[in-house]
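Just so you know, the sequences run in chain order A and B.
Going by this note's numbering, the first sequence opens with residue 2, and the numbers climb by one from there.
Going by this note's numbering, the second sequence opens with residue 6, and the numbers climb by one from there.
Cβ atoms here follow ideal geometry from the backbone N, Cα and C, with glycine treated the same way.
These numbers were taken from a predicted model, which means no experiment stands behind them.
Have a look at the structure below before the remarks.
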Amino acid sequence: MSILNGHGLRPDYDIISGWVGQGARVLDLGCGDGTLLRHLRTHQGVFGYGIEIDDANVLAALANGNNVIQSDLERGLAAFGDASFDCVILSQTLQAMHHIEAVLLEMVRVGREAIVTFPNFGYAPNREQVAAGRMPVSKILPFAWYNTPNIHLCTMLDFEELCAKLELEILDLVALTEGKPVVDDPNLNGELAIYRVKRR
Amino acid sequence: MNAALSSIGNVTPQLARFDTPFVFKSGRDIPGFELMYETYGTLNADKSNAVLVCHALNASHHVAGTYDDDPESLGWWDNMVGPGKPLDTNRFFVVGVNNLGGCFGSSGPRHINPATQKPYGADFPVVTVEDWVNAQAQLADYLGIARFAAVMGGSLGAMQALQWAIAYPARLGHALVVASTPKLSAQNIAFNEVARQAIITDPDFHGGHFYEHNVVPARGLRVARMIGHITYLSDDVMAERFGRVLRDGMQFGYGPEFQIESYLRHQGEKFSGYFDANTYLLITKALDYFDPAADYNDDLALAFERARGVKFLVVSFTTDWRFSPARSREIVSALTANRADVSYAEIHAPHGHDEFLLEDPRYFALVSAYYARIAAEVGA
């Protein structure tokens with residue numbers, strides 16, 4: 002499910018790791034090969050489950066020593082009780098999902114907090130490609146329009162508007178470009194958006 | 006692949022004798038009992054590498070290997086258990102056991118009832134999964150195994166792994182639960198009841214004391230096996246393997262005309278030649294009664310509270326309609342509610358319930374990866 006199934010730590014993982022407390026209970030949605038979960042487990046004593054749909058990723062996440070549960074996120078998180086996790090993570094997967102509102106609400110139901118990362122469509126080079134009359138293709142959005150799994154791309158402003166509608170409070174946000182935090186106008190200069198939210 | 010070539014080779018069954026009375030869940034007891042078992046691989050010095058493999062309905066202690074180089078005698082899970090296989094006998098000491106009430110050498114209906122000096126027949130106490138696991142725990146004591154690295158099974162065998170986790174959580178590290186369910190559905194019980202009625206109403210059954218009459222209720226056993234077999238296969242695989250093919254055109258009679266008919270008859274015939282009718286009845290009752298949540302307000306999560314510390318791998322198969330993936334997800338959900346270490350895989354595979362016995366590459370890769378983790382934990 003994850004767009005960049007990173008070998009080695011992706012830049013957003015550093016930020017996420019910093020937000021997840023020592024010994025936290027974590028649910029990682031679309032956990033890929035389980036790299037983040039393993040990092041959190043071995044370095045921060047985190048207990049968690051990864052949810053993954055892809056057979057090869059399930060095997061890789063399991064071989065990485067993680068608890069991994071093969072399941073389709075679109076079917077919801079009914080298997081998990083309210084507030085059963087400290088943190089629910091959705092890393093670079095949101096934009097590939099059909100039921101965005103449902104998954105966000107499920108995340109803040111089963112988790113006290115949620116961390117969501119996604120490629121920021123408002124990033125200047127994306128805008129430039131659209132202004133030039135083309136759909137953006139970049140390192141973080143590597144697909145052509147006709148074969149992309151990314152069906153729900155949004156800008157940081159769009160995401161914040163949805164958070165307001167769903168009554169999600171934004172606790173933290175970081176925008177990264179080339180792996181480094183952006184201070185000035187993140188919706189224009191940030192390539193990857195990372196939000197920490199909870200139910201208001 | 007020729008499984009026999011990479012098999013563990015010739016193996017020898019052994020008999021363990023227990024001279025203390027065994028009390029069943031029903032309250033009935035027997036003065037002592039015997040368990041037929043086999044072992045593969047070597048128990049390491051700290052006895053940490055033992056794995057118990059539990060059998061399902063019609064299998065036995067003979068999990069892997071052959072007897073006297075006879076390829077026909079290959080163990081029922083030889084593709085899973087052996088040198089270099091997912092449950093690698095170069096690393097693990099594997100124990101297979103014929104359950105109490107069985108018909109492959111362990112105490113069961115064919116054994117002599119000391120009270121009557123005749124075979125128990127239908128008077129052998131009704132067994133439950135709990136009884137089997139209690140007897141297996143005595144075998145573990147006998148073998149000097151304080152704690153299994155893992156207990157593994159498919160279908161009814163997996164129910165035993167679940168029961169181990171609930172009854173003896175300190176005595177196993179991992180439970181591998183394949184193609185299972187936390188309890189039978191009414192539909193599952195219904196199929197079992199039809200099978201039992203086929204046996205019980207066979208005139209050769211003689212109320213379960215057919216041994217004295219030197220007959221076997223073969224007709225009943227055949228029908229029981231045919232019904233069971235239908236539930237082990239998926240509709241798609243049956244269509245693909247047999248379709249509506251007639252062996253010799255329409256004969257306008259009741260002989261085995263369609264391929265599926267002759268296949269089921271063949272399976273029934275084979276089965277009735279080696280399996281004991283009373284054991285079949287006992288095992289289907291054990292299946293029906295299994296419901297670990299029943300003692301915990303029908304709350305499976307509450308039942309698994311007792312299993313704290315045990316880690317789980319749960320595997321289901323998409324085309325298994327006997328114990329569907331939804332039933333495995335119930336198990337997983339009850340485990341995650343307890344924050345148990347659990348991984349779950351849903352294997353896309355065509356063969357239905359029977360898939361757990363077949364060599365599916367994704368299934369085998371997962372089990373291999375999981376055993377590699379266990380091996381690292383116990384230094385195997």
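Is the beta carbon of residue i sitting closer than 9 Å to the one on residue j?
i               : j               : result
V183 of chain A : I116 of chain A : no
V320 of chain B : V183 of chain B : yes
F109 of chain B : M41 of chain B  : yes
N104 of chain B : F27 of chain B  : no
T71 of chain B  : N118 of chain B : no
V69 of chain A  : F48 of chain A  : no
M98 of chain A  : L78 of chain A  : no
K316 of chain B : A180 of chain B : yes
K30 of chain B  : T94 of chain B  : no
I194 of chain B : D293 of chain B : yes
R230 of chain B : F280 of chain B : yes
G273 of chain B : H234 of chain B : yes
D207 of chain B : L226 of chain B : yes
S85 of chain A  : G112 of chain A : yes
V68 of chain B  : E43 of chain B  : yes
Can you list, in chain order, the residues of its chain with a C-beta nearer than 6 Å to that of residue i? Leave out the 5 residues immediately preceding and following it.
i               : result
R96 of chain B  : A380, A385
Y301 of chain B : L307, A308
E162 of chain A : none
R327 of chain B : T236, H358
I265 of chain B : F247
I35 of chain B  : F27
H214 of chain B : G126
F369 of chain B : P91
G37 of chain B  : F23, D24
A25 of chain A  : V47, D87, C88
What is the rounded straight-line gap between the Cα of residue i and the Cα of residue j?
i               : j               : result
H13 of chain A  : E192 of chain A : First, the residue type needs correcting, since residue 13 of chain A is Asp and not His in the sequence shown. Near 11 Å, if we compare the C-alpha coordinates of E192 of chain A and D13 of chain A.
K275 of chain B : D136 of chain B : 29 Å
N148 of chain A : P120 of chain A : 17 Å
V86 of chain B  : V99 of chain B  : 8 Å
Q130 of chain A : P143 of chain A : 13 Å
L250 of chain B : T121 of chain B : Note that residue 250 of chain B is Val in the sequence shown here, rather than Leu. Taking the straight line from one Cα to the other gives about 52 Å.
L106 of chain A : A55 of chain B  : 45 Å
N188 of chain A : L154 of chain A : 13 Å
D185 of chain A : A331 of chain B : 49 Å
K199 of chain A : L79 of chain B  : 57 Å
R11 of chain A  : H40 of chain A  : 11 Å
A8 of chain B   : E360 of chain B : Only weak support exists for where A8 of chain B lies, its pLDDT of 45 falling under 50; the value from the coordinates is given anyway. Rounded to the nearest angstrom, the two C-alpha atoms are 17 Å apart.
S72 of chain A  : R334 of chain B : 9 Å
Which residue marks the beginning of the beta strand (DSSP E) containing residue i, and which one marks its end?
i              : result
R26 of chain A : 26-30
I52 of chain A : 48-53
D87 of chain A : 86-92
How far does the alpha helix (DSSP H) with residue i in it extend, from its first residue to its last?
i               : result
N219 of chain B : Unbroken run through N219 of chain B: none, as it is neither H nor E.
P187 of chain A : 187-190
E77 of chain B  : Neither: E77 of chain B is in no alpha helix (DSSP H) and is coded neither H nor E.
N139 of chain B : 134-147
D312 of chain B : The sequence given here has Ala at residue 312 of chain B, not Asp. It is not in any alpha helix (DSSP H) - A312 of chain B carries neither H nor E in the DSSP assignment.
D240 of chain B : 240-246
M136 of chain A : First-last for M136 of chain A: undefined, no H or E at that position.
Given a threshold of 16 other Cβ atoms within 10 Å of its Cβ, counted over all protein chains shown, does residue i qualify as buried or as exposed?
i               : result
I13 of chain B  : buried
M164 of chain B : buried
L92 of chain B  : buried
W82 of chain B  : buried
L60 of chain A  : buried
D253 of chain B : exposed
I152 of chain A : exposed
N283 of chain B : buried
V102 of chain B : buried
N84 of chain B  : buried
H44 of chain A  : exposed
Y50 of chain A  : buried
V199 of chain B : exposed
G31 of chain A  : buried
Y45 of chain B  : buried
A291 of chain B : buried
Q169 of chain B : Note that residue 169 of chain B corresponds to Trp in the displayed sequence, not to Gln. Result: buried.
Q256 of chain B : exposed
Identify, in the order they occur along the chain, each residue of the same chain with its Cβ nearer than 7 Å to the Cβ of residue i, setting aside the five sequence neighbours on each side.
i               : result
L286 of chain B : R201, I204
Y147 of chain B : A21
A342 of chain B : A306
L340 of chain B : F309, F317, V347
May I ask you to check if the CB of residue i is nearer than 8 Å to at least one heavy atom of the ligand FMN?
i               : result
D136 of chain B : Annotation note on the ligand FMN: not contained in the displayed structure, which lists no ligands.
Using a Cβ-Cβ cutoff of less than 8 Å, which residues in the same chain neighbour residue i once the five nearest sequence positions on both sides are dropped?
i               : result
E382 of chain B : A154, G178
M157 of chain A : N121, G123, L174, A176, P187, N188, G191, A194
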